[in-house]
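Numbering (the numbering used here), first residue to last: 86 to 203.
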């Protein structure tokens, strides 16, 4: 997966917006104004995703391409390298999980609105 494919995949998720709240070098994907993925454009070979704390540890132990989130809360965020070692499916599952973690934290009203978009 490359950065263009990652962008296309994220933008297919209901309610997703993209922007540069931290400057023009970091592309951020949000749902309901909450971040679920960040990727640096200068080195687009890695991204940060939100993760359940127990799963975060499990993924780090299983895959050397997954490390504690760079510049993020290391308990809740992972940095994932897109160097070709992880399959597209594995990367998409991590992105999906991050999106779902954020959606679960939203109010029931916002969750229903997102559900209506599918």
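Idealized CB from N, CA, C, for every residue including glycine.
What does DSSP give as the partner residue(s) for residue i in the beta ladder?
i: residue 111; result: 125
i: residue 151; result: 165
i: residue 104; result: 113
i: residue 131; result: 166
Below 9 Å between beta carbons: does that hold for residue i and residue j?
i: residue 137; j: residue 175; result: no
i: residue 168; j: residue 146; result: no
i: residue 148; j: residue 123; result: no
i: residue 88; j: residue 126; result: yes
i: residue 116; j: residue 199; result: yes
Exposed or buried, what is residue i when buried is set at 16 or more other beta-carbons lying within 10 Å of its beta-carbon?
i: residue 128; result: exposed
i: residue 141; result: buried
i: residue 208; result: What is shown of the chain runs 86 to 203, which leaves residue 208 out entirely.
i: residue 107; result: exposed
i: residue 190; result: exposed
i: residue 96; result: exposed
i: residue 182; result: buried
For residue i and residue j, what's the separation of their Cα atoms in angstroms?
i: residue 86; j: residue 192; result: 32 Å
i: residue 162; j: residue 188; result: 15 Å
i: residue 101; j: residue 121; result: 9 Å
i: residue 194; j: residue 118; result: 15 Å
i: residue 105; j: residue 112; result: 5 Å
i: residue 201; j: residue 99; result: 9 Å
i: residue 152; j: residue 166; result: 9 Å
i: residue 156; j: residue 131; result: 13 Å
i: residue 164; j: residue 154; result: 5 Å
i: residue 94; j: residue 139; result: 25 Å
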